[in-house]
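To keep things clear, I will list the structure first and then write my remarks on it.
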Amino acid sequence: MRPLLLHLDHFGSFREPVSVDFSDTEYFALVGPTGAGKSTIIDAICFALYGTVPRWGREGAVAHALAPSVTAGKVAMVFDSDGRRYGVVRAMVRDAKGAVRTKEARLDELDPAAPLSGAFEAVVRPLAEGENVTPEAQQVTGLEYRFFTQCVVLPQGRFAEFLHAAPRERQDLLVQLLDADVYERIRQRAAREEETAKQDASFARDQLAKLSGATDEAERELTARLAALRRLAGTMGADLDLLRAGEADIRLAEQERAAVAERQSVLSGLRMPAAVPTLASARRAAAESVETLAADVARLEADEHEAYEALAALGDRGASRAALAALDARERLEAEATRARAAATSAAAFLEGAATEQAAAEQALATAEDQRERLRDAHAATHLANRLEVGRPCPVCRHPISELPRHEPPADIRAADRALANAREQAQRARAAHAKAETSASMLATQATRLESELAALPAPGDRAELEARLAAVAKADELAAQVRTAVRAARGELDRARAEAERVVRQAESAWRTLEAARDRLLVSGAQDDPPPPLVREDLHRAWTELLGWRDRAAQSARAALAEREEQLTRARARLAADRRGLAERLAEHGVAAPPDATPDQLGAAVATAVARADSALDRLKEERRRAADLENRITMKEHEAKVAHELALRLRANAFERWLCAEALAVLVASASDTLRELSDGQYELALADKTGDIEVIDHGEAGMRRSARTLSGGETFQAALALALALSGAVARRLDSIFLDEGFGTLDPATLDTVATTLERLAAGQERMIGLVTHVPALAERVPVRFEVTRDAKGSHVRKAGIQ
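The working numbering runs 1408 ahead of the 1-based position in the sequence shown.
In structure tokens, the structure reads:
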């Protein structure tokens, strides 16, 4: 991972947006006074990738990303890793409760050809958002957060973590740096391949066990059976033809028997209709009834004509009814007019009384108002007199007052108010009663006048007795005409029913004749040509039916004898066919061909053909099973060999064996490389070595006759030298893409000679241009030897950074 462009916006001590360009820098130093914000730039690199910073004390913490007075901030970084370019952005926000949380996080792959100024717009593909950014950053950089802070970013106070780490922790880091976990994945894959091969071999053995019957002897038996069945199929044609001939004889006999049985059924089903013997007398009786009823209808129709002529002579009764209705309406109108005039007179009298009461209420109201006004003036005068002073002008006449007036206490004004309110209420009620009486009197007078006008406009009344007598005569004549009309309708109904009965009898007779003709035709069709039924004479229906039934009895006896003869023929034909079928079935059974007892010749032939096809298919299947058995034996041998090879590979790559050996070798190379650097840094006094039993990193002190002791016994400056040597070895000697290393402080404890050695070592490492090296230092002597310096300052507006010192 090599950073190219870092952007900070309100992150940590940087209160204003600032960008740091690393694109043309291989070796740089962050310089400035204590607290200026130098380490914040290294923090921003770590925060952009992993969302947290080692200096904040707890992994995952983000509270220190924003200053207390800042509500939002952002960190963005463009970096290269493994030949590809990426962009990571994290935005923070402070919520209403004051807690800092990550508002946005995303990681994208960028176009490496795009300029850095617009790199974030040149997205090739998005990789992760939100909580998935940190895991994806670990995949891109190849390091987890805890290992990134041990070999890429070495923060203040944590230089010696790898130096003092337990063997298991160092092995976990080396597994990631060396991609050694690929061997564990290979071992796991080998174990899965072993299990899969064993399962395949076991499955093949199970399949082979199911093919135990696929032997050479079974193949010879099937071959012999197939040949025998083919010979049987070639020689049974004559037998099948004999069976077909027998079946044809049976079908012919069955047809003849069915024809005779049909004739017998037709003969036995012939019955004379029950009404035939009485149809002639019924027809005569129906004709007589029709004639009698027709005479009655003619007589009643003449009576009906006379009744209607008498009714017409009495005239229209509508005029009489209208005159009588007019007389009733006149009497009702006279009564209504009398009642309306009396009500109008009473309303006028009531109106006069209401007017008198209203005048009295109005007079009482005026008196109450006058009394109330006088009492109010008395109260005002009394109140004004109490405020007057002798010698001062009167507020009414404006003359000086020589003597104060005396007023008796006036009556209570509230009683006058109540009396006035009562008088107003009485006056209002009197007004309303007068208005209502006036309206009612006017309406009643108008109604009485209208009714009297309508009564005067009516025509003169007629004689009620004369009108009622005329209507009674018309009603009696109408009743007589209705009775005659009812009688005519009843007679016509009886006549219609008699005619319908006569027609029914005629239709019944015609139906009986048609039934007789149809029965005779069926008898002719059913085989009565040799002894045909007697001819029909359409004179006497009963006699024709009697002659046909007599012939039927004779023909039925002959049909019964013919049916018995046909039954005997059919029985003999069936017995011959059954014997032939049994013989053929026995031959088929000898060859193992099963056939139903009532199988047809075609079915027997199909059964033999099916047996031949099945035997042929069974032989082919047996041959195929023998080939499969041979293939399964070969597969079992191959899979057992594959399982054995996979087992050996997994055994060789066990995590407690191969991985331990690989990491031990890598650690030995790492310690040897770091030992050379430490010897140079310590002027030959110290070297590093691995403890034989514990695997801890020890120090060989040549100043003490080569004594070996724990690295934890080193002083602060010595510990920095050893940790720096290991960090440089991790960055340069391990086969992993560690393109950058950032060292945060730690140089102030070095003496001038050691500091010079450290500076020379870093310069030599940077000269290879294989990785970027960044320093955070307060030591001017070291900063002056770094070609690029980023000067960090801080004022009231926050931290600022400026690129300088390029040589």
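Virtual Cβ for every residue (Gly too), placed ideally from N, Cα, C.
The three-state reading of DSSP puts Pro1534 in strand, counting E and B together. Take Val1501, set aside five residues on each side of it, and the residues of its chain with a beta-carbon closer than 6 Å to its own are Ala1480, Lys1511, in chain order.
Counting only residues of its own chain and dropping the five nearest sequence neighbours on each side, Pro1818 has a CB closer than 8 Å to the CB of Leu1783, Ala1786, His1787, Thr1790.
Taking the C-beta atoms as reference points, Leu1637 is found no nearer than 8 Å to Leu2030. Considering only Ser1525, Ala2054, Asp2006, Leu2012, the residue with the shortest C-alpha distance to Arg1995 is Leu2012.
Judged by DSSP secondary structure, Asp1429 falls outside any alpha helix (DSSP H) and instead within the beta strand (DSSP E) spanning 1426 to 1429. The segment 1855 to 1869 and the segment 1795 to 1813 do not touch, with fewer than three beta-carbon pairs separated by less than 8 Å. The count of Cβ pairs closer than 8 Å, one atom from the segment 1645 to 1659 and one from the segment 1880 to 1890, stays below three, leaving the stretches out of contact.
For Asp2006, no beta strand (DSSP E) segment is defined, and its DSSP state is neither H nor E. By a beta-carbon distance limit of 8 Å, Met1485 contacts Leu1413. Their separation comes to about 7 Å. Annotated three-state conformation of Asp1488 is strand, per DSSP.
If you check the CB distance, Val1497 and Val2209 do not come in under 8 Å. A residue is called buried once 16 or more other Cβ atoms fall within 10 Å of its Cβ, and Thr2127 is buried on that count.
Each residue's CA atom was taken as its position, placing Glu2073 and Val1428 some 40 Å apart. In this structure, DSSP gives Gly2092 a state outside helix and strand, which the three-state scheme calls coil. Comparing alpha carbon positions, the residue from Glu1975, Pro1940, Asp1503 closest to Gly1958 is Pro1940.
Boundaries of the alpha helix (DSSP H) around Val1548: 1541 to 1549.
Collapsing the DSSP output to three states places Thr1460 in coil. Between the alpha carbons of Ala2191 and Ser2090 lies a distance of about 21 Å. Its Cα nearest to that of Glu1739, the residue Leu1859 stands out among Asp1711, Leu1859, Asp1647. Each residue's CA atom was taken as its position, placing Ala1545 and Leu1457 some 6 Å apart.
A distance below 7 Å between beta-carbons, with the five flanking residues on each side excluded, links Glu1777 to the following residues of its chain, in chain order: Leu1828. Distance between Met1851 and Leu1735, taken at the CA atoms: about 28 Å.
When beta bridges are read from the DSSP output, His2208 appears opposite Thr2201. Around the beta carbon of Met2180, a 10 Å sphere encloses 16 or more other beta carbons of the protein chains shown; the residue is thus reported as buried.
The beta strand (DSSP E) runs of length 3 or more contained entirely in the segment 1651 to 1735 do not exist; there are none. Per DSSP, reduced to three states, the secondary structure at Ser1610 is helical. Cα atoms of Gln1977 and Leu1634: separation of roughly 42 Å, rounded to the nearest angstrom.
Here Pro1685 is not near Thr1923, since their CB atoms are 8 Å or more apart. The three-state secondary structure of Ile2181, taken from DSSP, is strand. The beta carbons of Arg1974 and Ala1661 sit about 7 Å from each other, so the pair counts as a contact at 8 Å. The three-state reading of DSSP puts Glu1512 in strand, counting E and B together. The segment 1819 to 1895 contains, as complete alpha helix (DSSP H) runs of 4+ residues, the segments 1821 to 1865 (chain order). Burial of Arg1514 is indicated by the presence of at least 16 other C-beta atoms within 10 angstroms of its C-beta. Separation of Glu1517 and Met2046 (C-alpha to C-alpha, rounded to the nearest whole angstrom) is 46 Å.
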